[in-house]
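Note that numbering that gives the first Met the number 0 gives residue 94 to position 95 of the sequence shown, counting from 1, and the numbers run on in steps of one. Notes follow the structure.
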Amino acid sequence: MREKEIEALLRDGVKRLGGIAYKFTSPGNSGVPDRLVVFRGRAPIFVELKTKAGRLTELQEVQIERLRSLGQDVRVLYGKDDVLKFLSLQETLQKIMDELLGGGDGAI
C-alpha cells in the first residue's frame, strides 16, 4: 500500500469517528509529522505515516523528539495494519470521551 493510500485510510477513518485529520505542514520546519488528528474533548495527536517498509529520516526523528519533549502525543504508523490498530484504539477512547462529555448513548 502506498503512503498516499495509507493517508486516505487514516483520514477517512478519523472522519468516520467524528474527528479531523488535518494535513500538517509547517513552513520552515521540515520533517514535521504528516497529520494532526483531533477528536472532541481530547488533545491533538501528531501522526507520521510510512509504508510498512518506510523509514524515518534523521530530520523527522529530530522533529518527533522535539514534539515529544514538549509533552505531545506523536505516533509513527507503518502501513495499513498500524493505521487500523490506531483507529480501533481511537474509537474506544472516543466512546469513553463521548460518555464523559455527554455525547454517548449510555450513562456513566
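In this text, a Cβ means the ideal position worked out from N, Cα and C, and glycines have one as well. Note that this is a predicted model, so its numbers are computed, not measured.
If you follow the alpha helix (DSSP H) that L83 is part of, which residue opens it and which one closes it? Judged by DSSP secondary structure, L83 falls within the alpha helix (DSSP H) whose first and last residues are G78 to L99.
Start and end residues, alpha helix (DSSP H) containing K3: DSSP places K3 in the uninterrupted alpha helix (DSSP H) bounded by E2 to R15.
Would the stretch 5 to 14 and the stretch 66 to 85 be scored as touching if the rule is three or more Cβ pairs under 8 Å? The stretch 5 to 14 and the stretch 66 to 85 touch, with no fewer than 3 CB-CB distances between them shorter than 8 Å.
Cut-off 6 Å between Cβ atoms - residues of its own chain near Q93, not counting five sequence neighbours on either side: Its chain contains L16 and F38 as the residues whose beta carbon lies nearer than 6 Å to that of Q93, once the 5 sequence neighbours on both sides are disregarded; these appear in chain order.
Can you tell me which residues form a DSSP beta bridge with D72? In the DSSP assignment, the residues bridged to D72 are I44.
On a Cα-Cα basis, can you pick out the residue from S25, R41, E47 and A42 that is closest to R34? The residue among S25, R41, E47 and A42 with its C-alpha nearest the C-alpha of R34 is E47.
By the 10 Å Cβ neighbour count, where 16 or more other Cβ atoms means buried, how is I63 classified, buried or exposed? Answer is buried; the Cβ neighbour count reaches 16.
Grab me the residues of L86's own chain with a C-beta within less than 6 Å of its C-beta, minus the 5 sequence neighbours each way, in chain order. Cβ within range, chain order: G12.
Taking 8 Å as the threshold (C-beta atoms), are T50 and E2 in contact? Yes. Within cutoff.
For G27, does the count of other Cβ atoms within 10 angstroms reach 16, so buried, or fall short, so exposed? It is exposed - the Cβ of G27 has fewer than 16 other Cβ atoms within 10 Å.
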